[in-house]
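Below: one structure, written as structure tokens.
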Amino acid sequence: MELLQSKDLPGKGSFSHGIHPPDNKSLSRDAAIEVVPTPKRVVLPLLQNIGVPSKSIVQPKKQVVAGEAIGVGEAFISTNLHSPINGVVENTGVCTLPNGRHLPAIYIKAEGEQLSGQALYEDVLGGPWPKDCPAIYYPSTISKAIHEAGIVGLGGAAFPTHVKVRPDDTKMIDTLMINGCECEPYLTNDYRVMLEAPGAIIAGALHGARAVSAREIIIGVEDNKPAAIERLKKEAEGTVIKIAVLKTKYPQGSEKQLIKAVLGLEVPLGGLPSDVGVAMSNVGTMAAIARGVIREKPLTHRVITVTGRGVSNPKNLLVPIGLSMQDAIDYCGGLTKDAARIIAGGPMMGFAFSNLSMPVTKGTSGITVLTHDDVRKENETSCVRCGRCVDVCPMQLVPTKLAMASRHGNLSLAHQYNIMACFECGCCTYVCPAHIKLVQLIRMGKAMVVASRK
Amino acid sequence: MNAKVDLTETNRVKDAAPAINVSPSPHIGSTSNSTRRMMIDVLIALTPAVAMAIYMFRVYALIHLGLCVATCLAAEYLFVRMRGKSISLNDFSAAVTGVILALSMPATAPWYASVIASAVAIGLGKIIFGGLGMNIFNPAMVGRAFVMISFAGAMGAAAYESGAGWVDAISQATPMNALKQAGALTPIGDMFLGLTNGSLGETSALACLLGGLYLCYRRTASWEIPAGMIATVLVITGIVDLVGGHGGRLILHHLFGGALLFGAFFIATDPVSSPLTPRGKAIFGIGIGALVMLLRFLSGYPEGVMFAVLLMNAVTPLINRWTIPRTFGEY
Numbered sequence: 454m455e456l457l458q459s460k461d462l463p464g465k466g467s468f469s470h471g472i473h474p475p476d477n478k479s480l481s482r483d484a485a486i487e488v489v490p491t492p493k494r495v496v497l498p499l500l501q502n503i504g505v506p507s508k509s510i511v512q513p514k515k516q517v518v519a520g521e522a523i524g525v526g527e528a529f530i531s532t533n534l535h536s537p538i539n540g541v542v543e544n545t546g547v548c549t550l551p552n553g554r555h556l557p558a559i560y561i562k563a564e565g566e567q568l569s570g571q572a573l574y575e576d577v578l579g580g581p582w583p584k585d586c587p588a589i590y591y592p593s594t595i596s597k598a599i600h601e602a603g604i605v606g607l608g609g610a611a612f613p614t615h616v617k618v619r620p621d622d623t624k625m626i627d628t629l630m631i632n633g634c635e636c637e638p639y640l641t642n643d644y645r646v647m648l649e650a651p652g653a654i655i656a657g658a659l660h661g662a663r664a665v666s667a668r669e670i671i672i673g674v675e676d677n678k679p680a681a682i683e684r685l686k687k688e689a690e691g692t693v694i695k696i697a698v699l700k701t702k703y704p705q706g707s708e709k710q711l712i713k714a715v716l717g718l719e720v721p722l723g724g725l726p727s728d729v730g731v732a733m734s735n736v737g738t739m740a741a742i743a744r745g746v747i748r749e750k751p752l753t754h755r756v757i758t759v760t761g762r763g764v765s766n767p768k769n770l771l772v773p774i775g776l777s778m779q780d781a782i783d784y785c786g787g788l789t790k791d792a793a794r795i796i797a798g799g800p801m802m803g804f805a806f807s808n809l810s811m812p813v814t815k816g817t818s819g820i821t822v823l824t825h826d827d828v829r830k831e832n833e834t835s836c837v838r839c840g841r842c843v844d845v846c847p848m849q850l851v852p853t854k855l856a857m858a859s860r861h862g863n864l865s866l867a868h869q870y871n872i873m874a875c876f877e878c879g880c881c882t883y884v885c886p887a888h889i890k891l892v893q894l895i896r897m898g899k900a901m902v903v904a905s906r907k
Numbered sequence: 000m001n002a003k004v005d006l007t008e009t010n011r012v013k014d015a016a017p018a019i020n021v022s023p024s025p026h027i028g029s030t031s032n033s034t035r036r037m038m039i040d041v042l043i044a045l046t047p048a049v050a051m052a053i054y055m056f057r058v059y060a061l062i063h064l065g066l067c068v069a070t071c072l073a074a075e076y077l078f079v080r081m082r083g084k085s086i087s088l089n090d091f092s093a094a095v096t097g098v099i100l101a102l103s104m105p106a107t108a109p110w111y112a113s114v115i116a117s118a119v120a121i122g123l124g125k126i127i128f129g130g131l132g133m134n135i136f137n138p139a140m141v142g143r144a145f146v147m148i149s150f151a152g153a154m155g156a157a158a159y160e161s162g163a164g165w166v167d168a169i170s171q172a173t174p175m176n177a178l179k180q181a182g183a184l185t186p187i188g189d190m191f192l193g194l195t196n197g198s199l200g201e202t203s204a205l206a207c208l209l210g211g212l213y214l215c216y217r218r219t220a221s222w223e224i225p226a227g228m229i230a231t232v233l234v235i236t237g238i239v240d241l242v243g244g245h246g247g248r249l250i251l252h253h254l255f256g257g258a259l260l261f262g263a264f265f266i267a268t269d270p271v272s273s274p275l276t277p278r279g280k281a282i283f284g285i286g287i288g289a290l291v292m293l294l295r296f297l298s299g300y301p302e303g304v305m306f307a308v309l310l311m312n313a314v315t316p317l318i319n320r321w322t323i324p325r326t327f328g329e330y
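From first to last, the protein sequence lines stand for chains A and B. Note that this note's numbering gives residue 828 to position 375 of the first sequence, counting from 1, and the numbers run on in steps of one. Note that this note's numbering gives residue 221 to position 222 of the second sequence, counting from 1, and the numbers run on in steps of one.
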């Protein structure tokens with residue numbers, strides 16, 4: 454085991470540009486993961502991943518047990534869906550997600566005995582995680598198990614993991630990079646998993662690397678999480694896994710920026726990490742892989758952070774997927790009087806919503822509730838071309854030009870300035886002194902470009 | 000009685016219910032950063048230069064400062080209303096233009112020059128292009144150039160040498176004019192502190208440096224512009240100095256004399272009319288520095304910062320096009 458400091462890395466331990474927003478992680482950093490009591494009902498939208506929706510395979514009134522498949526992903530970029538609780542299918546209705554999508558969903562009412570409390574914690578994150586077994590699996594067996602388990606990236610984007618972690622003859626994967634940066638302010642769910650279940654992460658990483666035949670495994674963690682680095686380091690002893698300590702900076706957890714910081718490689722414009730021989734996934738996903746492969750249990754629960762000054766008692770929770778946001782917030786003492794904005798995810802890239810009946814999905818990393826004081830409310834003024842957005846853009850774009858091109862519908866200008874390279878981290882909007890919603894305008898422009906291609 | 004209780008009850012419930020709002024991400028923003036704050040930064044940074052101007056030129060500095068700021072604010076109010084837009088005086092951008100314009104005037108300038116320059120700066124320099132952020136040229140320099148050409152006698156180099164001599168320094172030629180006309184060098188210490196003649200705010204290199212470094216520290220001014228400008232002037236005068244055997248005095252003369260430092264930190268760094276990217280800003284600064292030297296050495300004027308800035312402002316859109324940064328991952 455090696456602890457890689459920035460001097461040992463091919464990369465510099467950081468990337469150029471980016472911002473340093475106040476991280477506010479102290480609200481929930483020291484709160485150990487608590488298991489939420491089994492809810493009366495869970496709602497499972499049929500699309501919980503980037504890609505194609507899953508197909509329901511249950512009818513109303515059907516009895517289901519925890520872990521039973523209720524949806525299948527028939528397409529390549531799609532995933533299976535499982536019931537997190539014992540219960541009965543109520544109906545298949547529609548639900549809306551924080552990102553505004555309306556989706557068909559399966560409603561399951563809890564019935565009978567449930568695995569809960571400490572027993573559930575042990576089942577998902579606790580217990581021993583053997584590190585020596587990857588060799589007994591074929592790579593294809595592992596990716597098949599991951600596919601079966603319906604695992605998606607738990608960092609937020611929810612890309613089906615089996616698509617990333619599969620043997621591929623056309624693209625050699627050299628390195629499995631594991632993202633433990635958690636650079637979004639407020640969120641601490643990954644941090645708690647690294648602290649409480651480092652064994653699951655290490656075991657999952659070894660299996661994931663076996664599946665893609667990667668020689669190197671590197672876990673990247675920001676230097677504001679020394680305790681997590683220590684735990685992972687201890688757990689990784691005797692394995693090939695390396696831990697890279699990275700500079701705390703937003704968006705260090707973006708895959709392209711992380712690859713640059715650790716390996717010094719630039720993913721080509723419009724390309725994927727696999728183009729530079731890297732498979733990238735998040736620490737929480739590794740724990741899910743370990744559970745999926747070793748224990749053959751599907752992804753039915755995840756760790757989320759419920760935090761912000763708008764929540765009475767910020768906590769890290771182990772929740773069933775499909776739990777309503779209301780239940781999660783209620784478990785944390787409810788909203789405070791000055792709560793102003795509820796966000797699925799963190800404040801930089803998360804979606805604000807107002808309907809608390811929405812469910813936690815596989816991609817929900819947390820719920821952040823900001824107060825009136827936290828939310829920025831200044832009105833937009835004119836762009837003074839100060840170039841601060843240029844100074845912070847981690848993709849080295851010119852956000853102000855992109856935003857103006859989008860605003861005026863000038864797609865050729867937007868194209869000239871590489872609008873599609875923007876991954877919407879929001880750094881430009883964060884620093885803009887004129888309070889222009891640059892990233893929102895750029896999103897609009899990207900949508901226009903996509904529409905014009907069709 | 001009952002009604003009263005109900006009312007309190009309703010109010011309590013209303014208070015308890017959180018007002019939830021939605022909006023696109025990001026949901027937090029840098030709180031120390033706004034256009035208004037940038038303008039206030041410039042005003043703060045200008046205080047040493049303003050103080051020095053008042054110390055050197057007494058009531059004349061106050062007259063021009065008052066006239067320029069008042070006219071700029073009035074013009075902004077009037078022209079913005081004529082365009083039917085909401086009034087934006089509280090962003091302080093018009094006040095900044097007023098102060099910079101006043102500091103670029105000679106003490107002897109007639110009062111109407113300040114008024115006309117200010118009205119032109121805001122009207123032709125800014126509002127005609129669409130207001131804050133849309134102007135191509137630095138508004139203060141547009142106003143300054145307008146009156147310089149309109150009232151050449153009252154604004155030109157000769158205007159600085161007032162026979163009235165209310166303050167000793169003012170009866171002398173400006174350092175740049177003395178150099179141009181007679182090849183005479185002014186004591187470097189006087190130029191550094193500002194005990195010489197010149198436009199109101201430009202005389203003290205020390206005051207400009209103090210304010211300028213604060214602006215760069217606050218990142219309200221991009222350091223690339225003054226750095227490019229000063230480095231270019233150093234290189235060009237360095238060569239001329241070496242060839243002419245001036246023993247380094249010519250370098251310091253061009254650096255501390257005239258409007259070079261005032262222009263480098265307060266005029267060229269106007270974000271609106273300067274390029275967007277760091278590389279573009281460096282090119283812009285180098286261009287201004289080279290043009291300043293060209294004008295100082297070869298034109299009929301003893302000074303060249305104003306025209307150099309305006310000329311490079313015209314090239315800014317082109318520089319922006321040349322310096323589109325290489326996107327991450329683009330080969």
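The beta-carbon is built from N, C-alpha and C at its ideal position, and this holds for glycine as well.
At least one CB of chain A lies nearer than 8 Å to the CB of D90(B). When rounded, the separation of the alpha-carbon atoms in M811(A) and C207(B) is 58 Å.
Counting only residues of its own chain and dropping the five nearest sequence neighbours on each side, A485(A) has a CB closer than 8 Å to the CB of R645, E649 and N769. Annotation for G546(A): the continuous beta strand (DSSP E) segment containing it runs G540 to T549. For Y213(B), the number of other beta carbons within 10 angstroms of its own is at least 16, and it is reported as buried. Residue contact check for E635(A) against chain B: no CB pair falls below 8 Å. If you draw a straight line from the Cα of I672(A) to the Cα of G799(A), it is about 22 Å long.
DSSP lists no beta-bridge partner residue for E877(A).
Secondary structure at H555(A): strand, using DSSP grouped into helix, strand and coil.
The Cβ atoms of I238(B) and G284(B) lie no closer than 8 Å to each other. When secondary structure is reduced to three states using DSSP, I503(A) falls in the coil class, being assigned neither helix nor strand. Within the segment 786 to 804 of chain A, contact with chain B at the beta-carbon level (separation under 9 Å) is assigned to L788, T789, K790, D791, A792, A793, R794, I795, I796, G798, G799, P800, M801, M802, G803 and F804. For the beta strand (DSSP E) assignment, the uninterrupted runs of no fewer than 3 residues enclosed by the segment 785 to 822 of chain A are, from N- to C-terminal side, 792 to 797 and 804 to 806.
Using a Cβ distance threshold of 8 Å, T760(A) and L480(A) count as a contacting pair. From the beta-carbon of G879(A), the residues of chain B found nearer than 7 Å are S24 and P25.
DSSP places G227(B) within a helical segment (H, G or I) once states are collapsed to three.
For A743(A), the CB contacts under 6 Å within the same chain, skipping 5 residues up- and downstream, are W582, A653, A656 and G657 in chain order. Within chain A, the C-beta atoms nearer than 7 Å to that of L131(B) come from S835 and V837, in chain order. Cβ proximity to chain A below 9 Å picks out R218, T219 and S221 from the segment 204 to 229 of chain B. Contact check for L309(B) against F136(B) passes: the beta carbons are separated by less than 8 Å.
Residue range T628 to G633 is occupied by the beta strand (DSSP E) that includes L629(A). Pairing G286(B) with C839(A), the inter-Cα distance amounts to about 19 Å.
At a cut-off of 8 Å between beta-carbon atoms, S807(A) makes contact with chain B. Contact between E831(A) and H888(A) holds: CB atoms are separated by about 5 Å, below the 8 Å threshold. Linking K562(A) to V772(A) through their CA atoms gives a straight-line distance of about 16 Å. Contact between L61(B) and V98(B) is absent: CB atoms are separated by about 12 Å, not below the 8 Å threshold.
Three or more pairs of CB atoms, one per stretch, sit closer than 8 Å, so the segment 845 to 864 of chain A contacts the segment 891 to 906 of chain A. Taking 4 residues as the shortest admissible run, the segment 638 to 701 of chain A contains the following complete alpha helix (DSSP H) segments, listed from N- to C-terminal end: 642 to 649, 651 to 665 and 679 to 688. Taking all protein chains in view, the Cβ of I782(A) is crowded by 16 or more other Cβ atoms within 10 Å, so the residue is classified as buried.
Taking a C-beta distance under 8 Å as the contact criterion, P324(B) and V851(A) qualify as a contact pair.
Identification of chain B residues near D627(A) by a Cβ-Cβ cut-off of 8 Å yields none; the smallest Cβ-Cβ distance measures about 18 Å. Look at Y560(A) here: in three-state DSSP terms it is strand. With contacts defined by Cβ atoms closer than 8 Å, G819(A) and T738(A) do not form a contacting pair. Using a Cβ-Cβ cut-off of 7 Å, T34(B) is close to T834, V837, P886 and A887 of chain A, given in chain order. Excluding sequence positions up to five before and after A281(B), its CB lies within less than 8 Å of the CB of E223, I224, A226 and G227, all in the same chain and listed in chain order.
Contacts with chain B at 8 Å (Cβ-Cβ) include M848(A).
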